[in-house]
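Novice:
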Amino acid sequence: MQVTETLNEGLKRKLSVTIPKQDLSTRLDAKLAEVKDKAQLKGFRPGKVPMAHLKKVYGRSAMAEAMQEAINSTVSDTLTERSERAATQPKVDLPKDQTVINQVLDGESDLAFDVSYEVLPPVKLMDFEGIAYDKPVVEATEADIDKEVNRVFLANRGYEDKGDEGVVEQGDRLGLTFKGTIDGEAFAGGSSDHAHLTVGSGEFIPGFEEQLVGWKKGEARTIDVAFPAD
């Protein structure tokens with residue numbers, strides 16, 4: 732096997748590779764030996780087909796497989812020998828002249844091809860002992876704890892239907908439909924047909940939830956709120 736580097740620019744590599752026809756012939760014989768005991772050809776008993784006849788019948792197809800295996804193993808071995816790792820699958824370019832390919836398939840010529848690829852750049856490990864960083868520490872106050880406990884409670888509490896005559900109170904969970912307008916014009920994201928809200932949670936714009944207190948199921952009203960400057 733002969734390997735010549737024809738391109739080495741940055742991470743790009745290109746190699747010209749030649750596999751001797753003798754190596755391909757050895758692989759072909761191994762392929763045909765595998766077929767010999769299984770081949771069923773008219774006029775021959777199983778396992779008794781002469782190698783010359785097997786080559787005549789299966790030679791080209793077996794050589795094509797031998798070529799592919801030779802290419803794969805050669806590329807892999809070459810990268811290992813060069814201590815390189817390809818970033819992607821290497822691109823193999825075989826001769827475009829079919830006459831040349833036919834000569835290889837017939838065992839008359841060496842197999843020459845080009846392989847192109849990009850290598851993974853070397854990774855330089857940093858000295859982590861020299862890295863300094865700040866680790867923020869958050870101290871939770873009693874108010875923070877109470878707020879989180881209340882949030883968990885509200886998120887997991889159960890609700891009962893108040894019926895048609897029930898009125899909205901702080902802490903109630905509502906399903907509502909609304910349409911928001913600015914100067915009489917609807918705006919993006921300002922409407923919903925299936926919104927859910929816990930009154931007093933602060934999920935909606937300030938002033939909205941407070942005005943829901945006292946409403947009854949199915950009631951429709953107009954709520955005026957002021958949007959924050961931001």
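Start counting the sequence shown at 732; every next residue gets the next number (the working numbering).
Heads up, the beta-carbon is just placed ideally off N, CA and C, and yes, glycines get one too.
Looking at C-beta atoms only, is the number of pairs between the stretch 867-875 and the stretch 905-920 that lie closer than 8 Å three or more?
Specialist: Not touching, per the Cβ criterion.
Novice: What are the boundary residues of the alpha helix (DSSP H) that Lys-752 is part of?
Specialist: Element bounds for Lys-752: 752-767.
Novice: Check whether the Cβ atoms of Leu-856 and Ala-818 sit closer than 7 Å, and answer yes or no.
Specialist: Not a contact, by the Cβ cut-off of 7 Å.
Novice: Is the beta carbon of Thr-809 closer than 7 Å to that of Val-734?
Specialist: Yes, the Cβ-Cβ distance between Val-734 and Thr-809 is below 7 Å.
Novice: Under a Cβ-count criterion, where at least 16 other Cβ atoms within 10 Å of its own Cβ denotes burial, should Pro-744 be classed as buried or exposed?
Specialist: Note that residue 744 is Arg in the sequence shown here, rather than Pro. With 16 or more other Cβ atoms within 10 Å, it is buried.
Novice: Since Lys-822 and Tyr-848 are thought to touch, with beta carbons under 8 Å apart, how far apart are those beta carbons, to the nearest angstrom?
Specialist: Contact holds; Cβ gap of about 7 Å.
Novice: Exposed or buried, what is Thr-805 when buried is set at 16 or more other beta-carbons lying within 10 Å of its beta-carbon?
Specialist: By the 10 Å Cβ count, Thr-805 comes out buried.
Novice: Bridge partners of Lys-947, per DSSP?
Specialist: Beta-bridge pairing links Lys-947 to Val-898.
Novice: Return the residue from the list Ser-807, Ile-936 and His-927 that minimises the CA-CA distance to Ala-960.
Specialist: Of Ser-807, Ile-936 and His-927, the residue nearest in Cα terms is Ile-936.
Novice: Contact defined as beta carbons within less than 8 Å: I believe Asp-841 pairs with Thr-749. What is the distance between those atoms, to the nearest angstrom?
Specialist: Contact flag correct, Cβ pair sits at about 5 Å.
Novice: Note down the Cα distance separating Pro-781 from Ile-802, rounded to an integer number of angstroms.
Specialist: Rounded to the nearest angstrom, the two C-alpha atoms are 28 Å apart.
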